[in-house]
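Before any comments, here is the structure.
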Amino acid sequence: MYRLVASDMDETFLDDDHLIPQANIDALRRMRELGVLFVPSSGRPYQSIMSNFADIDQSLLEGSYVISYNGGFINRYGDPEPVLSTTMDRASVEFLYRYGVEHRIAMHIYTPSGKIFTQFLPPEEARYVRNITGVIELEDSVDSLDFVGDEDLVKILYMNSDFDVVKRLGAELRPKLDPRLVDITYSSQRYVEFVPAGVNKGTGLLHLAELLGIDAADTIGVGDSANDQAMIEMAGLGVGVANVTDDVRPLCDLVLDTTGRDGAFPELVRRVIEPEHRL
Numbered sequence: 284m285y286r287l288v289a290s291d292m293d294e295t296f297l298d299d300d301h302l303i304p305q306a307n308i309d310a311l312r313r314m315r316e317l318g319v320l321f322v323p324s325s326g327r328p329y330q331s332i333m334s335n336f337a338d339i340d341q342s343l344l345e346g347s348y349v350i351s352y353n354g355g356f357i358n359r360y361g362d363p364e365p366v367l368s369t370t371m372d373r374a375s376v377e378f379l380y381r382y383g384v385e386h387r388i389a390m391h392i393y394t395p396s397g398k399i400f401t402q403f404l405p406p407e408e409a410r411y412v413r414n415i416t417g418v419i420e421l422e423d424s425v426d427s428l429d430f431v432g433d434e435d436l437v438k439i440l441y442m443n444s445d446f447d448v449v450k451r452l453g454a455e456l457r458p459k460l461d462p463r464l465v466d467i468t469y470s471s472q473r474y475v476e477f478v479p480a481g482v483n484k485g486t487g488l489l490h491l492a493e494l495l496g497i498d499a500a501d502t503i504g505v506g507d508s509a510n511d512q513a514m515i516e517m518a519g520l521g522v523g524v525a526n527v528t529d530d531v532r533p534l535c536d537l538v539l540d541t542t543g544r545d546g547a548f549p550e551l552v553r554r555v556i557e558p559e560h561r562l
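Dropping the structure here:
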């Protein structure tokens with residue numbers, strides 16, 4: 284019987300304004316009634332994820348956890364101190380940041396404290412991140428990582444609205460990076476993400492399941508894009524929302540008929556979770 288649902292946030296659990304559709308809030312309430320734990324799982328920081336839930340009934344997630352930074356961090360819901368954390372090799376981030384500055388690539392740089400530094404963002408991306416907690420825009424003239432001081436770094440990503448350009452960036456940079464230190468993934472049809480080797484939402488889910496004494500077979504992973512792939516594959520049931528990307532769709536055990544922006548979780552509850560509890 285499924286006991287834990289781990290879900291991606293952007294394009295999966297949230298609408299286009301980074302808000303939780305009312306349908307999904309209703310689904311959270313039903314999952315809570317059925318004793319199923321809902322776990323947000325995102326590439327964003329814990330603090331940013333928490334801001335998405337600030338206006339809902341906090342009892343709906345009481346006793347739950349948050350998987351952030353693509354599986355690199357795990358926090359108890361409501362506790363900013365992580366129970367698991369993984370940071371990135373500094374020299375690798377230095378190289379990627381210098382490369383981004385040299386080529387004036389739109390970038391997001393993430394720190395454990397929840398800051399998301401951005402640079403060279405086109406207007407549409409600047410508008411998109413405006414409602415995300417923790418975003419700090421850098422001047423174009425900044426050309427070193429001095430702005431983070433001694434703080435560790437969690438990941439860096441490049442953005443381009445042309446996904447073919449993004450995939451070429453990933454392919455070009457892969458041989459320049461040590462695979463023992465850095466993994467590459469893609470998200471939202473516009474990001475290439477550079478993360479610590481071995482870190483992904485799937486390993487984050489398995490770490491959490493082990494911590495809670497839940498069999499991986501009793502977990503559900505829900506997502507929409509490549510950075511959700513490991514979570515979808517490693518969960519007991521891998522689920523894609525209707526807008527799941529073509530590369531991830533064949534890997535899903537189930538693809539819902541509802542898009543993330545329209546609130547897909549009542550359909551998940553109705554089709555998967557409630558039938559199990561009627562047995």
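In my numbering, each residue carries its 1-based index in the sequence shown increased by 283.
Quick reminder that beta carbons are idealized off the backbone N, C-alpha and C, glycines included.
Sorted by chain position, which residues of the same chain lie with C-beta nearer than 8 Å to Val531's C-beta, five sequence neighbours on each side aside?
Within the same chain, Val531 has close Cβ partners Gly506, Asp507, Ser508, Ala509, Asp511, Gln512, Ile515, Gly523.
Please classify Lys450: does DSSP put it in a helix, a strand, or coil?
Of the three classes helix, strand and coil, the one that applies to Lys450 here is helix, per DSSP.
Going by other Cβ atoms of all chains shown within 10 Å of its Cβ, with 16 needed for buried, is Met284 buried or exposed?
Under this definition Met284 is an exposed residue.
Between which two residues does the alpha helix (DSSP H) containing Ala374 stretch?
From DSSP, the alpha helix (DSSP H) with Ala374 extends over 373-386.
What are the boundary residues of the alpha helix (DSSP H) that Thr468 is part of?
That residue, Thr468, is in no alpha helix (DSSP H); its beta strand (DSSP E) goes 465-470.
Excluding the five sequence neighbours on either side, which residues of its own chain have a C-beta within less than 6 Å of the C-beta of Asp536, listed in chain order?
So the list reads Leu520, Gly521, once near-sequence residues are dropped.
The beta strand (DSSP E) spanning Phe548 covers which residue range?
Counting along the chain, Phe548 falls outside any beta strand (DSSP E), though it belongs to the alpha helix (DSSP H) covering 548-551.
Contact defined as beta carbons within less than 8 Å: I believe Ser375 pairs with Val437. What is the distance between those atoms, to the nearest angstrom?
Not really, about 12 Å apart at Cβ, beyond 8 Å.
Using C-beta distances below 6 Å, list every residue in its chain close to Phe336, excluding the 5 sequence neighbours before and after it, in chain order.
Closer than 6 Å at Cβ, skipping near neighbours: no residue.
Expressed to the nearest angstrom, what Euclidean distance is found between the alpha-carbon atoms of Gly496 and Val552?
Computed Cα separation, rounded: 23 Å.
Quick one: Cα of Glu455 to Cα of Val449, how far?
Cα-Cα distance, rounded: 10 Å.
Taking the beta strand (DSSP E) that Leu589 belongs to, which residues open and close that run?
Any property of residue 589 remains undetermined from this structure, which presents the chain solely from 284 to 562.
If distances are taken between C-alpha atoms only, which option among Leu460, Thr502, Ala547, Thr541 comes closest to Glu559?
Here the closest residue by C-alpha is Thr502.
What would DSSP say about Ile515, mapped onto helix, strand or coil?
It is helical.
Just verifying my parser: in three-state terms, what is the DSSP assignment at Val425?
The answer is coil: DSSP assigns Val425 none of H, G, I, E or B.
Going by beta-carbon coordinates alone, are Tyr360 and Ser351 separated by less than 8 Å?
Cβ distance not < 8 Å, so Tyr360 and Ser351 don't count as in contact.
On a Cα-Cα basis, can you pick out the residue from Ala310, Ala409, Phe296, Val475 that is closest to Arg554?
Checking every option, the nearest Cα to that of Arg554 belongs to Ala310.
For the candidate residues Met333, Phe296, Glu420, Phe403, whose alpha-carbon lies nearest to that of Ile388?
Cα-wise, what sits closest to Ile388 is Phe403.
What would DSSP say about Glu493, mapped onto helix, strand or coil?
Helix.
How is Ile339 classed by DSSP in three states: helix, strand or coil?
If DSSP states are grouped into helix, strand and coil, Ile339 belongs with coil.
According to DSSP, simplified to helix, strand and coil, what is Leu488?
In this structure, Leu488 counts as helix in the three-state DSSP scheme.
Do you know offhand how far Val475's Cα is from Thr542's?
Going by the C-alpha atoms only, they are around 23 Å apart.
Less than 8 Å between the C-beta atoms of Ser325 and Ile415, yes or no?
The answer is no: Cβ separation not under 8 Å.
Are the beta-carbon atoms belonging to Asn307 and Val478 less than 8 Å from one another?
No, these two residues do not count as a Cβ contact at 8 Å.
Let me know the secondary structure DSSP gives Lys438 once reduced to three states.
Strand, per DSSP.
Grab the span of the alpha helix (DSSP H) containing Ala409 for me, first residue to last.
Its alpha helix (DSSP H) spans residues 406-412.
Note down the Cα distance separating Glu434 from Glu364, rounded to an integer number of angstroms.
So the alpha carbons of these two residues sit roughly 16 Å apart.
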